[in-house]
Structure formats: structure tokens, C-alpha cells
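Below you'll find the structure, written out as C-alpha cells, and then a few comments.
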């Protein structure tokens, strides 16, 4: 069974522990903190079908920097899964979106191994890894009929979940001062964790 959630790892902890009768495997994909903010901004605009002005952008940015967002401070969310992957790497896999874009083949093989379904030599030679990457690409998924014209069970248009998927798009939206503010917060909040964002 596959379950997608934005919950913090500590709320899933009982299901992922070795003492559980059948521990779940958790795959966490995080994205750079500045790109996450910009993506969230665009998602909110598409969801509400509005074009929000710069003043609203700045208010949302300030709330984001204070950690006043739907799932709490982003860095706490990320750190929970990061620490979980260090403590229980058998059941918690921590992936960075940027690394998935930079080296997709390596990351999909890593995911397959984590799920105890490693690719065989024959599958690798026959192009199975590349075929999976093609099928799971943003371009392919965003062009599926269900994702272009479908809706979720709660009535949200499926196409709001797809935009650019580019790394570094924050540079087109954040001022240098905004970028520095986030960088300073992240440096402070992640200090000593070993987790680094580029």
C-alpha cells in the first residue's frame, strides 16, 4: 500500500518502528527551502485561482520565515525526517529533489533498493531504469489526461500539482535580501544536523 502525506514523521512513528508488527517504509522527498516557498506560493495562487500581489507575497514570505505555515516550520518537518533516516535508515529514506533531478538514475536505483526491489542486471541492461524515469518524469505525468483535466476526491483540480519542477526557480521570485534571510534561518535551524541545502 502506498500512502502520501505531509504529516510529520513523529505522527507516523509507531507505524515505522521495528517493534511494529509490520513496519512501514517511509520515503521522504524534500526540496530546497527557497524553492519550496516559491512552489507553495504558486500552488496557493492556482488553488485559489487568484493572482496575488507583491504585498501578499511578502506577507506569506514573512509567515514562512516565522514557521507559520500549514504543517509548521518547514525546517522542523525536514529535520524530523532527516533524523529519522539517520536513526532508522532501514525504514526511512530521505531524498532531496535536487539530487533526484541531478542524478535520477542513481536515485531511482537507491529507492528500489530501499524498497527491497533492486533492479536485476538484466533489468538494467534492458533499459527498465530509464523507462521508469521516463514514465515518472514531470513532463509525462503532467501530460496525463487525469492530471490535466481530473480532480481529486475533495474537488481540487489535479493540474494544480504540476508547474515547472525546476531547481533554482526561487531566483526569479525572491529578492537577494529574502534569499539571505531564508539562508540565515536555515543555517541556524539546521546547525549541527549534517543536513545541507545548496
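Residue numbers (the working numbering): 13 to 210. Glycine residues also receive a C-beta, built at the ideal position from the N, C-alpha and C atoms.
- Query: Assuming residue 86 and residue 48 make a contact with CB atoms under 8 Å, what is their CB distance in whole Å?
  - Reply: Confirmed, Cβ separation roughly 6 Å.
- residue 42 bridges to which residues according to DSSP? For residue 42, which the question treats as bridged, DSSP gives the partners 108.
- Message: Assuming contact is defined by CB atoms lying nearer than 8 Å, are residue 44 and residue 110 in contact in what I supplied?
- Response: Yes, they are a contact pair.
- Task: Hey, could you find the ends of the alpha helix (DSSP H) residue 89 is sitting in?
- Result: From DSSP, the alpha helix (DSSP H) with residue 89 extends over 86-99.
- With distances taken between CB atoms, is the gap from residue 104 to residue 198 smaller than 8 Å? Their beta carbons are not under 8 Å apart, which means residue 104 does not touch residue 198 by this criterion.
- Kindly list the residues whose CB is nearer than 8 Å to the CB of residue 141, restricted to its own chain and excluding five residues on each side of it in sequence; keep chain order. Cβ neighbours of residue 141 beyond the five flanking positions: 117, 120, 121, 131, 135.
- Residues of its chain near residue 69, where Cβ-Cβ distance is below 7 Å and the 5 sequence neighbours each way are ignored: Excluding positions up to five away in sequence, the list reads 53.
- Which of helix, strand or coil DSSP assigns to residue 163: Here residue 163 sits in strand by DSSP.
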